[in-house]
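Student:
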Amino acid sequence: MKDDAFHSSLPFHIETWYFEAIFENYSIVFMITLLPNIFVMIGGHIYSKGRIIYEERKIYRSFIVSDEYPLLRIDEENFMEGYIIDGKICYNISYVGDNFGFNLNFENKTKGWKTLPDFWLSLPNMPVEGEIFINGSRELVKGKGYHDHNIFYLKSIFSKGYFDGKLIEENFSIVWGKIIGKEEFIILSNESFFLLKNVSIYMGNYTFDHGKIIPTSFNIHGKSKNIEVSLNFDACSIHYIKLPFINYWRYHVFVSGKVCIDGFEKEIRSFEIIEYMDFLL
Numbered sequence: 369m370k371d372d373a374f375h376s377s378l379p380f381h382i383e384t385w386y387f388e389a390i391f392e393n394y395s396i397v398f399m400i401t402l403l404p405n406i407f408v409m410i411g412g413h414i415y416s417k418g419r420i421i422y423e424e425r426k427i428y429r430s431f432i433v434s435d436e437y438p439l440l441r442i443d444e445e446n447f448m449e450g451y452i453i454d455g456k457i458c459y460n461i462s463y464v465g466d467n468f469g470f471n472l473n474f475e476n477k478t479k480g481w482k483t484l485p486d487f488w489l490s491l492p493n494m495p496v497e498g499e500i501f502i503n504g505s506r507e508l509v510k511g512k513g514y515h516d517h518n519i520f521y522l523k524s525i526f527s528k529g530y531f532d533g534k535l536i537e538e539n540f541s542i543v544w545g546k547i548i549g550k551e552e553f554i555i556l557s558n559e560s561f562f563l564l565k566n567v568s569i570y571m572g573n574y575t576f577d578h579g580k581i582i583p584t585s586f587n588i589h590g591k592s593k594n595i596e597v598s599l600n601f602d603a604c605s606i607h608y609i610k611l612p613f614i615n616y617w618r619y620h621v622f623v624s625g626k627v628c629i630d631g632f633e634k635e636i637r638s639f640e641i642i643e644y645m646d647f648l649l
């Protein structure tokens, strides 16, 4: 769990912890952005059928984090804590805002992975359950979740940006990414993880949004020895979020296509989330 803890020994950088949960009627994104020794920003978003219904961001200058395991504590309350139960990586995230809140537990189900030198740790298939609070009412929820942890160095904001998306199924998950002007990748995770070869990612159905022409459909294809992926991601809603030095779009998408693993073909019909991050420098 130390890989997912705070990295205090690194030179100037920004760290983010991203949690995503999709339920029958709602989806939630919870993001922690830490600028070491300066502040931590908490962002909470709740969507209904992909449409934003509540969003809130708060900045704190007094907080506690750990170099040993994932932990964020503010005013004696844990906002994020990671732990191991029966050999499985688990997380609890908790947040209370002005009009909404949640208390959610994540448990990792497939093999996670990380990339270097630009640090990206991903736990791509995490069943999640807990409770959400909206306008004073409480609702128990159960669904699928995702978590990643990123470290951005100063050089990162001079890149052109990237797209990334995922597919979360019962026994496997897929994460794909397109770093603008650089590489494309598709990673399939189950008991292990596989970096697919012969990858192609195409974008289409462009629209104009907040001063930028952006795609609204994505087709990904990748093939390795015993795995083939062919999926379409079509936007049903797009949420623009302005961040310092960054234009950020969050898509809720319908996913269709096929995934073949060891000769077994699965027809895909799913509802997922995609990100587009456009650095302004």
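Take the sequence shown: its position 231, counting from 1, is numbered 599 in the working numbering, and each next residue is one higher. No residue lacks a Cβ here, since even glycine has one placed at the ideal position from N, Cα and C. These numbers were taken from a predicted model, which means no experiment stands behind them.
Could you please give me the residues that DSSP links to Glu633 through a beta bridge?
Tutor: Answer is Cys628, bridged to Glu633.
Student: Beta-carbon separation of Ile636 and Leu564 under 8 Å?
Tutor: No, Cβ-Cβ distance for Ile636 and Leu564 is not below 8 Å.
Student: How would you call Ser560, buried or exposed, if buried means at least 16 neighbouring beta carbons within 10 angstroms?
Tutor: With fewer than 16 other Cβ atoms within 10 Å, it is exposed.
Student: Taking Phe586 as the reference, give the member of Asn615, Glu538, Glu640 with the closest Cα.
Tutor: Nearest option by C-alpha distance: Glu640.
Student: Between Lys528 and Gly549, which are expected to be in contact by the criterion C-beta below 8 Å, what is the C-beta distance as a whole number of angstroms?
Tutor: Contact holds; Cβ gap of about 5 Å.
Student: Take Ser605 as the anchor and find which of Lys593, His381, Ser395 has the nearest alpha-carbon.
Tutor: Per the Cα distances, Ser395.
Student: Return yes when the Cβ of Pro495 is within less than 8 Å of the Cβ of Glu475, no when it is not.
Tutor: It is a contact, given that the beta carbons lie within the stated cut-off.
Student: So, helix, strand or coil for Lys370, using DSSP?
Tutor: If DSSP states are grouped into helix, strand and coil, Lys370 belongs with the helices.
Student: By alpha-carbon positions, which one of Asn594, Ile614, Tyr616, Phe622 ends up nearest to Ile629?
Tutor: When each option's Cα is compared against that of Ile629, the closest is Asn594.
Student: Which runs of the beta strand (DSSP E) fall wholly inside the stretch 551 to 589 and span at least 3 residues, in chain order?
Tutor: Fully enclosed beta strand (DSSP E) runs of 3 or longer: 552 to 557, 561 to 563, 565 to 572, 575 to 577, 580 to 582.
Student: Leaving out the 5 sequence neighbours to the left and right, which residues in its chain are closer than 7 Å to Glu551 when beta-carbon positions are compared?
Tutor: Once the five neighbours on either side are set aside, Glu551 has no close Cβ partner at all.
Student: So, do the stretch 457 to 466 and the stretch 538 to 547 have three or more beta carbon pairs nearer to each other than 8 Å?
Tutor: They do not touch, by the three-pair rule.
Student: Could you check what DSSP says for Tyr422 in three-state terms: helix, strand or coil?
Tutor: Strand.
Student: Rank Ile414, Glu392, Thr584, Gly450 by C-alpha distance to the C-alpha of Asn503 and give the top, closest one.
Tutor: Residue Ile414 is the option with its Cα nearest to Asn503.
Student: On the DSSP letters alone, give me the boundaries of the beta strand (DSSP E) that Arg429 sits inside.
Tutor: Arg429 -> no beta strand (DSSP E), and no H or E assigned at all.
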